[in-house]
Structure formats: structure tokens, C-alpha cells
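Asker: Quick one: the structure is below, questions incoming.
Protein chains: 2
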Amino acid sequence: MSPDIEILIQKISRLPGLGNRSARRIVIHLIQRKEQILEPLLISMQKIYNKVKTCPNCGNIDTFDEICSICSDNSRRKDLICIVENVTDLWAIERTSCFNGTYHVLKGLLSSINGQGPEFLLLDKLMSRCQLYGVTEVIVALSATVEGQTTDYYIKNFFKDSNIRVSSLAHGIPIGGELDYLDDGTLLTAFSARK
Amino acid sequence: MSPDIEILIQKISRLPGLGNRSARRIVIHLIQRKEQILEPLLISMQKIYNKVKTCPNCGNIDTFDEICSICSDNSRRKDLICIVENVTDLWAIERTSCFNGTYHVLKGLLSSINGQGPEFLLLDKLMSRCQLYGVTEVIVALSATVEGQTTDYYIKNFFKDSNIRVSSLAHGIPIGGELDYLDDGTLLTAFSARK
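Which chain is which? The protein sequence lines are A and B, in order.
Residue 175 in the working numbering sits at position 175 of the first sequence, and the numbers go up by one each step.
Residue 53 in the working numbering sits at position 53 of the second sequence, and the numbers go up by one each step.
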């Protein structure tokens, strides 16, 4: 095996969810079907590389001209902003089609371990968007981890003196979840948040 | 998500071992780290695309000028040829460093279901290599499947009237394998091939 192929295997093996063995299988697959698979994949990746960028308005990563397709979509409510940790979470919410507002993608959560302070939340940019579009509600859709909840609390506190409603996603039993298998924390939250 | 990104996710999800969800994770990873990960990966793939080809001598797929690095390596025995089904198997044997000859990579195994006849074995090319280099032994290293063993038998038959020794890999208990978990076929073979 030539060093070029070894380098490619190494690069692919570092992608999330892959290891050395699966990377080798993928590379073999690619080089055995150079014209049918490797070439179209290369063209597709090249296109993404040339066109993908971060939306200056919301922080979404996508291919667009000035602002991303969500921000430029006139059928979406500009006065409703959902705060998400990253683009993965944005995609997850978009897949459900339950949200018809716009997003604010954080650069990261508050994390003393990773040295991420409030500047990662880009709250000044969010505030100026709130004033510009007359935002009435901000939905904080962060993970139910320590860092997610700390950030949630910080954001709520930031908007305390404004007249913007700030809400968070509900915590409780996941749909299809069996009580028996739930951890105590979730069960406790579900109890105290009963309605 | 733009159609370009969706197309890339689709293409990646069709690679071996990947699905929709893992492809999405990989694409997110790539576009969030465009400069650090997507760009080097693209360059590496482009290089492979431009340089990789099939060795006219043995059928190995690699990056080389005239013949592959194994065929052009003077420290390797040219009079010993190992027949493998594909490049994956060649790589597997190379990883063990137990073989110091050259290879003959088949285009496929004999398979009536897939309509693959003896022309997939490229035996004429192998025979002329045998005559050219004065090959003394051919090792048939094919999988212990029905198609592998049929091909093994066909190749042995092909060399019947020549003075070239044809051997196959041994079948038996895999190293580290527990008798209790072995299938009957392997156990039976291991018994009858005891030494």
C-alpha cells in the first residue's frame, strides 16, 4: 500500500464514528470504484468546500449567498428565535418541522473546563437582532447537561430586564420511554413538572 | 440544509458501514472544520483519484508509475505467487508480513449467480507470468466459502499438468478460537486435517 493511500485511510479513520478498519473498507471501496463513487464524492465535497459558510445573521452553516436559507425565508417568523448549541441541533429541530422561527447558533456552551466564557454565546449579536426584529420570544433549546443548563440559566438572566419572554424546552419522560429504565434525575424532573 | 449538503450526506451514507445518521455526523464534522479537516481530506482524495491505478502485472490497486510497489520490489520472490480475491485480501496478507512473494489479484471468484466465469480469474496472464519468472509455487489464498473453494478447485485443476506446485491456505481452528463456539464445518475440517 502506498503512503498516499495510508494517509487517506488515516484521515478517514479520524472522522467521527469511524476507526482504522472501517476507514480501510471505505478507501478500498473508493479506489475500486474510482469513476462511479470516488469521482462524484470528490465533486460533491469540492462544491461544499467552495460554497459552505457561516450565516452572519444566525450562525447556521450552509451554502448560501448573503444569509442562510432559514434567515432569508420570508414565511418564517423573525420575531421568534431559538437558541441552539450547534448546527447538529439545528438540523435535529428542522427535521421535526415543529419550529417556524429563526435560530441563534452559539459558538459553544459556557464551560469552565474548556475555558469558554460568555463571549461564546454571542449575546450582543442576539440582543441587536431582538431589537431589530422586535423579537417577542426566545426559546433556549440546549442539552440537559450541566453545561447546557448553566448556559440556559445565564441566558435567562441576561434577558431578565427586557420584555422578551425566554422559555426552555420541557424536560421529562422521552416518548416511548419506559419508566422502569429512566434515570432518577429524569423521573424526578418529570414528577415536579407534572401538569 | 441546502440540497448540496443533502447530496453529500446521501453519497457518504452509501459508503460501506455507514448510514444516514453517521453520514450526517461526518458531514457536520467536515463543514464545521472546513480548513482543518475538509481541506486536507479533499487534497488527499484528489491525489488518490489522480494517481491510483491497477497494476498491469498483478492486478493490485495502488499509486505507482509502471508496476506496483510489490511487483517492483527486488527483495520479493518473483517465483512465488499468491492468488487473492481482491485488494482487501492482499492488504490483509501484507499486514501479517508473512508472505514475501508477489500476488495475482482476481477480478472475481467463479460464481454462476453473478455470471462470473473463468475469464474473471485471468489465468492466461497468470500462466504467462509463471513461464516468464519460472514460478515454482502458486498459493491459492481464497475465502473458505462455496465460491472461494470452487475457484480454488478450478485453479488447482488448471495447473494440474504443469510442474508448478499449487497449495491452499490451511483450514482449521482460528487462533484464540474456542472449540465450544466453533461451527461444525470448521471443527470437522480441523479434525480431518490434524497433523
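Every residue gets a Cβ at the ideal spot worked out from N, C-alpha and C, and that includes glycine.
Considering only the beta carbon of each residue, do residue 62 (chain B) and residue 12 (chain A) sit closer than 8 Å?
Answerer: What you label residue 62 (chain B) is simply residue 62 of the second sequence in a count that begins at 1. What you label residue 12 (chain A) is simply residue 12 of the first sequence in a count that begins at 1. No; because the gap between Cβ atoms is not below 8 Å, this pair is not in contact.
Asker: Could you give the residue range of the alpha helix (DSSP H) that holds residue 125 (chain B)?
Answerer: Here residue 125 (chain B) refers to the residue found at position 125 of the second sequence. Element bounds for residue 125 (chain B): 123 to 133.
Asker: Whole angstroms is fine: what's the gap from residue 162 (chain B)'s alpha carbon to residue 136 (chain B)'s?
Answerer: On the second sequence, position 162 is the one that residue 162 (chain B) refers to. On the second sequence, position 136 is the one that residue 136 (chain B) refers to. C-alpha separation (whole angstroms): 10 Å.
Asker: With distances taken between CB atoms, is the gap from residue 237 (chain B) to residue 117 (chain B) smaller than 8 Å?
Answerer: Residue 237 (chain B) lies beyond the stretch modelled for chain B, which goes from 1 to 195, so this question has no answer here.
Asker: Taking the CB atoms as reference points, tell me whether residue 67 (chain A) and residue 103 (chain A) lie closer together than 8 Å.
Answerer: Start at 1 with the first residue of the first sequence, and residue 67 (chain A) comes out as number 67. Start at 1 with the first residue of the first sequence, and residue 103 (chain A) comes out as number 103. Their beta carbons are not under 8 Å apart, which means residue 67 (chain A) does not touch residue 103 (chain A) by this criterion.
Asker: Straight-line CA distance for residue 56 (chain A) to residue 181 (chain B)?
Answerer: To locate residue 56 (chain A), count along the first sequence from 1; it is residue 56. To locate residue 181 (chain B), count along the second sequence from 1; it is residue 181. Distance between the alpha carbons of residue 56 (chain A) and residue 181 (chain B): 59 Å.
Asker: Against residue 87 (chain A), what residues of chain B qualify as contacts under a CB-to-CB distance less than 8 Å, listed in chain order?
Answerer: Along the first sequence, one-based indexing puts residue 87 (chain A) at 87. By Cβ distance, chain B contributes 28, 31 and 32.
Asker: Quick one: Cα of residue 105 (chain B) to Cα of residue 155 (chain B), how far?
Answerer: Within the second sequence, residue 105 (chain B) is the residue found at index 105, counting from 1. Within the second sequence, residue 155 (chain B) is the residue found at index 155, counting from 1. Their Cα atoms are separated by approximately 13 Å.
Asker: Along the chain, where does the beta strand (DSSP E) that runs through residue 83 (chain A) open and close?
Answerer: Working through the first sequence from its first residue, we reach residue 83 (chain A) at position 83. Looking at the DSSP string, the run of the beta strand (DSSP E) that includes residue 83 (chain A) is 80 to 84.
Asker: Give me the DSSP bridge partner(s) of residue 47 (chain B).
Answerer: By 1-based counting over the second sequence, the position of residue 47 (chain B) is 47. In the DSSP output, where bridge partners are listed per residue, residue 47 (chain B) has none listed.
Asker: In the DSSP assignment, find the alpha helix (DSSP H) that holds residue 24 (chain B) and state where it starts and stops.
Answerer: Translated into the one-based positions of the second sequence, residue 24 (chain B) becomes position 24. It spans 20 to 32 - the alpha helix (DSSP H) in which residue 24 (chain B) sits, taken as one unbroken run.
Asker: Among A:26, A:58, A:53 and A:149, whose alpha-carbon lies nearest the alpha-carbon of residue 127 (chain A)?
Answerer: Along the first sequence, read from residue 1 onward, the residue named residue 127 (chain A) stands at position 127. Of the candidates A:26, A:58, A:53 and A:149, the one whose C-alpha sits nearest the C-alpha of residue 127 (chain A) is A:58.
Asker: Identify whether residue 156 (chain A) lies in helix, strand or coil by the three-state DSSP scheme.
Answerer: If you number the first sequence from 1, residue 156 (chain A) lands on position 156. Looking at residue 156 (chain A) - three-state DSSP - the assignment turns out to be helix.
Asker: Quick one: using the 10 Å Cβ neighbour count with 16 as the cut-off for buried, is residue 129 (chain A) buried or exposed?
Answerer: In the first sequence, counting from the first residue as 1, residue 129 (chain A) sits at position 129. Counting Cβ neighbours within 10 Å, residue 129 (chain A) comes out buried, since at least 16 surround it.
Asker: First and last residue of the beta strand (DSSP E) that includes residue 53 (chain B)?
Answerer: On the second sequence, position 53 is the one that residue 53 (chain B) refers to. Start and end: 52 to 54.
Asker: Output needed for residue 114 (chain B): all residues of its chain with C-beta closer than 6 Å, excluding positions within five of it in sequence on either side, in chain order.
Answerer: Indexing the second sequence from 1 puts residue 114 (chain B) at position 114. Excluding residues within five positions, none has a Cβ falling inside 6 Å.
Asker: With 8 Å as the threshold, decide whether the Cβ of residue 64 (chain A) is near any Cβ in chain B.
Answerer: Here residue 64 (chain A) corresponds to residue number 64 of the first sequence, with the count starting at 1. So, interface residue.
Asker: Sorted by chain position, which residues of the same chain lie with C-beta nearer than 8 Å to residue 172 (chain A)'s C-beta, five sequence neighbours on each side aside?
Answerer: For the purposes of this step, residue 172 (chain A) is taken as the residue at position 172 of the first sequence. The answer, listed in chain order, is 186, 189, 190 and 193.
Asker: Work out the CA separation of residue 47 (chain B) and residue 73 (chain B) for me, nearest whole Å.
Answerer: As a first step, residue 73 (chain B) must be located in the second sequence, where it is residue number 73. As a first step, residue 47 (chain B) must be located in the second sequence, where it is residue number 47. Taking the straight line joining both Cα atoms gives about 23 Å.
Asker: Residues of the segment 37 to 53 of chain B with a CB closer than 7 Å to any CB of chain A: list them in chain order, please.
Answerer: Going along the segment 37 to 53 of chain B in chain order, one finds 38, 39, 40, 41, 42, 44, 45, 46, 47, 48, 49, 51 and 52 with a Cβ nearer than 7 Å to chain A.
Asker: Only counting the same chain, and skipping five residues up and downstream in sequence, which positions put a Cβ closer than 7 Å to that of residue 134 (chain B)?
Answerer: Against the second sequence, residue 134 (chain B) aligns to sequence position 134. Answer for residue 134 (chain B): 79, listed in chain order.
Asker: Could you check the C-alpha separation between residue 29 (chain B) and residue 109 (chain B) for me, to the nearest Å?
Answerer: Within the second sequence, the letter at position 29 stands for residue 29 (chain B). Within the second sequence, the letter at position 109 stands for residue 109 (chain B). So the alpha carbons of these two residues sit roughly 38 Å apart.
Asker: Which residues bound the beta strand (DSSP E) around residue 165 (chain A)?
Answerer: Residue mapping note: residue 165 (chain A) aligns to position 165 of the first sequence, counting from 1. Start and end: 165 to 168.
Asker: If I measure Cβ to Cβ from residue 41 (chain B) and keep anything under 8 Å in the same chain, skipping five residues before and after, which residues do I get?
Answerer: If you number the second sequence from 1, residue 41 (chain B) lands on position 41. For residue 41 (chain B), where only same-chain residues beyond five positions count, the Cβ hits under 8 Å are 30.
Asker: Compare the C-beta of residue 147 (chain A) against all C-beta atoms of chain B and say whether one is closer than 8 Å.
Answerer: Position 147 of the first sequence, counting from 1, holds the residue named residue 147 (chain A). So no, residue 147 (chain A) is outside the interface.
Asker: Against chain A, which members of the segment 69 to 94 of chain B pass a CB distance test of less than 8 Å?
Answerer: The residues in question are 69, 86, 87, 88, 91 and 94.
Asker: CA-CA distance, residue 20 (chain B) and residue 10 (chain B)?
Answerer: To locate residue 20 (chain B), count along the second sequence from 1; it is residue 20. To locate residue 10 (chain B), count along the second sequence from 1; it is residue 10. Computed Cα separation, rounded: 7 Å.
Asker: For the segment 5 to 21 of chain B, enumerate the residues whose C-beta is nearer than 7 Å to any C-beta of chain D, in chain order.
Answerer: The chain labelled as chain D is not found among the protein chains of the depicted structure, namely A and B.
Asker: Would a C-beta distance cut-off of 8 Å place residue 27 (chain A) and residue 15 (chain A) closer than the cut-off?
Answerer: Translated into the one-based positions of the first sequence, residue 27 (chain A) becomes position 27. Translated into the one-based positions of the first sequence, residue 15 (chain A) becomes position 15. Contact flag unset, no.
Asker: Where does residue 97 (chain B) land, buried or exposed, given buried means 16+ other C-beta within 10 angstroms?
Answerer: For the purposes of this step, residue 97 (chain B) is identified with residue 97 of the second sequence, where counting begins at 1. Label assigned to residue 97 (chain B): exposed.
Asker: Compare the C-beta of residue 2 (chain A) against all C-beta atoms of chain B and say whether one is closer than 8 Å.
Answerer: Working through the first sequence from its first residue, we reach residue 2 (chain A) at position 2. Interface residue, yes.
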